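One structure below.
Chains as they are written, first to last, in our numbering: chain U, 1 to 272; chain Y, 1001 to 1289.
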């Protein structure tokens, strides 16, 4: 499997994690994570449930403080660099009665964290329209979000994150609850926007297959430890077996990669 | 003598309309977010809880408004701090509610015993819009202004925290502080409408117009304004009908204004459910399916 061409590394990375450890509720969730992400780089964060993927994003967002190690966004503390980071949360299940149009959801990404209310205005509307256009969502800009499909809603959440012009985009399981076609569309959309604008992407997914074609590198998490590298470097029996702590097989089935736990493992670790 | 002319000529009606409209508009506006955030139970509890403060104020010979407000703000603070997670919010509300209802029962008992007149008790539980001391108009206007200013200030971060708390946190919004400040703004609005419509019925002005407005409006800002408008409409019509009911057969006695407000709010909600736009949408969805 060939990985997408990685951008030429720059000296100043957009995201640097060195020796990051995190403890949540007395349990060590992350143990010694090292990764350096360059502008424009697409990194797939892969791993089974409970591997620490969401915690890793929270550490990058400055919402969970690492118990050891250091996190730097563009060389500074993440809590001071929030303006550089766009975040697409795991799920959003709007109440069917919620009077919120697609454009309202996107506008929250522009100024939802500012005090007071907005009376709208042409520049704000134009910015929202541009963000909607960038994810190909203008057609349903004025529809209530409760009427949209999962794929359409996911596009809006990407637009909501993009409208603030981030340098680093974090997506937490954006492919869950989407059909295969919508998964491919979202991945392609994120990859192409990131490529055009030089945005670094951290996309969390428990199923690696939809992103293998576009991701420059993967960060494979298991048991709080990580293996980082290209698809070919990481998806090997030796690398993953030492990460899991027991033997796993990396199988190719009809072009999809499946990771199967050994005899002592409970079940399939990462499904296709 | 009755009819519109007499209605507007009566000074008690004038005070009732002024006070009631201020209180109803704030309650309706705040209510839109109470419903949006799924805090109807807390909203209801804050109204009931106010009875403890108001009856205590009556016993002490104080203005009941301050009893309502004091207890409401304190309870709102307690509920918010005890129930930081959504899952424990109803529990925290229930604990504070039962505690304060117990205290309220004691004070209402003492009030009925000592004063040997149920006037205070009825006013606390069912409202006193026609007998409110006009001197509280200014403090009510000021507290209402405070509540609306808080809501206006919190508007965007509150909406973001209500809909997508994770995104709000990621953007640096102090989600906990925003929730607490909103709770206090809501407590002011709820306790004021408890004074007007009664501790038991303050819920009507808070939830009903908001639920109707959220069904009708296309976006949240419109829902907030529409909810305020619907609350004022129910209140003004309610006062008018209560005034007129003194002349209704068979007993010329007058019906309580809170009954009319509650009935009108219910009517608004039912009409909103039947609104043709929704019916058209459903047809459209049926055709698309």
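Cβ coordinates follow ideal geometry from the N, Cα and C atoms, glycine included.
A quick note: this is a predicted structure, and the numbers were derived from the prediction, not measured.
**Message:** So, with DSSP's three-state summary, where would you put residue 1275 of chain Y?
**Reply:** coil
**Message:** Taking the beta carbon of residue 49 of chain U as the centre, do at least 16 other beta carbons fall within 10 Å, making it buried, or is it exposed?
**Reply:** exposed
**Request:** Could you pull out every residue in the same chain whose Cβ sits closer than 7 Å to the Cβ of residue 1178 of chain Y, ignoring the five residues on either side in sequence?
**Result:** 1154, 1157, 1158 and 1161
**Asked** Can you tell me the Cα-Cα spacing of residue 168 of chain U and residue 44 of chain U, whole angstroms?
**Response** 13 Å
**Prompt:** Relative to the C-alpha of residue 1098 of chain Y, which residue among Y:1035, Y:1041, Y:1167 and Y:1126 is closest?
**Reply:** Y:1041
**Asked** Given that residue 61 of chain U touches chain Y, what residues does it touch there, using C-beta distances under 8 Å?
**Response** 1169 and 1170
**Message:** Strictly by DSSP, which residues pair up with residue 15 of chain U?
**Reply:** U:37 and U:73
**Request:** Anything in chain U within Cβ reach of residue 1164 of chain Y, meaning under 9 Å, just list it in chain order.
**Result:** 89, 92, 105, 108, 112, 157 and 160
**Asked** Within the 8 Å Cβ cut-off, does residue 97 of chain U reach chain Y?
**Response** yes
**Whole-angstrom distance between residue 128 of chain U and residue 271 of chain U, CA atom to CA atom** = Legend: pLDDT at residue 271 of chain U = 45, less than 50; position of this residue unreliable, value from coordinates given subsequently. Cα to Cα, residue 271 of chain U sits roughly 37 Å from residue 128 of chain U.
**Prompt:** With respect to the alpha helix (DSSP H) encompassing residue 1181 of chain Y, which residues constitute its N-terminal and C-terminal limits?
**Reply:** 1175 to 1197
**Prompt:** What do you reckon, are the CB atoms on residue 218 of chain U and residue 46 of chain U nearer than 8 Å?
**Reply:** yes
**Request:** Tell me, please, whether the CB atom of residue 265 of chain U is closer than 8 Å to any CB atom in chain Y?
**Result:** Caution is warranted here: a pLDDT of 47 is assigned to residue 265 of chain U, below 50, making its placement in the model unreliable, and no coordinate value can be reported.
**Residue-chain proximity (residue 1034 of chain Y, chain U), Cβ-Cβ < 8 Å** = no
**Message:** Would residue 1026 of chain Y and residue 1144 of chain Y be called neighbours here (beta carbons separated by less than 8 Å)?
**Reply:** yes
**Asked** Measuring CA to CA, which of Y:1217, Y:1128, Y:1201 and Y:1225 is closest to residue 1265 of chain Y?
**Response** Y:1201
**Asked** Tell me the DSSP bridge mates of residue 21 of chain U?
**Response** U:68
**Asked** At a Cβ threshold of 8 Å, is residue 1221 of chain Y touching chain U?
**Response** yes
**Asked** For residue 1068 of chain Y versus residue 1194 of chain Y, is the C-beta spacing smaller than 8 Å?
**Response** yes
**Message:** Quick check on this structure: which residue in Y:1229, Y:1147, Y:1209 and Y:1176 has the alpha carbon closest to the alpha carbon of residue 1191 of chain Y?
**Reply:** Y:1147
**Asked** What residues are listed by DSSP as bridge partners for residue 1171 of chain Y?
**Response** Paired residue(s): none; residue 1171 of chain Y is not in a bridge.
**Prompt:** Can you tell me the Cα-Cα spacing of residue 15 of chain U and residue 75 of chain U, whole angstroms?
**Reply:** 8 Å
**Request:** Whole angstroms is fine: what's the gap from residue 199 of chain U's alpha carbon to residue 1227 of chain Y's?
**Result:** 42 Å
**Asked** Which ranges would you report for the alpha helix (DSSP H) in the segment 203 to 255 of chain U if only whole runs of at least 4 residues count?
**Response** 231 to 234 and 237 to 244
**Min CB distance residue 192 of chain U to chain Y below 8 Å** = no
**Asked** Does the distance from the C-beta atom of residue 54 of chain U to that of residue 1173 of chain Y stay below 8 Å?
**Response** no
**Beta-carbon neighbours of residue 945 of chain Y, restricted to chain U and to distances below 7 Å** = Residue 945 of chain Y is absent from the structure shown; chain Y starts at 1001 and stops at 1289.
**Asked** Which chain Y residues are close to residue 100 of chain U, counting only those with a beta carbon under 8 Å from its beta carbon?
**Response** 1163, 1219 and 1220
**Message:** Could you check whether residue 170 of chain U and residue 88 of chain U sit closer than 8 Å to each other, using their CB atoms as the reference points?
**Reply:** yes
**Prompt:** Over what stretch of residues does the beta strand (DSSP E) that includes residue 172 of chain U continue unbroken?
**Reply:** 168 to 172
**Prompt:** Does the segment 1219 to 1226 of chain Y come close enough to the segment 1236 to 1252 of chain Y that 3 or more CB-CB pairs lie under 8 Å?
**Reply:** no
**Request:** Go to residue 1290 of chain Y, then tell me how far its alpha helix (DSSP H) extends in each direction, as first and last residue.
**Result:** Residue 1290 of chain Y lies beyond the stretch modelled for chain Y, which goes from 1001 to 1289, so this question has no answer here.
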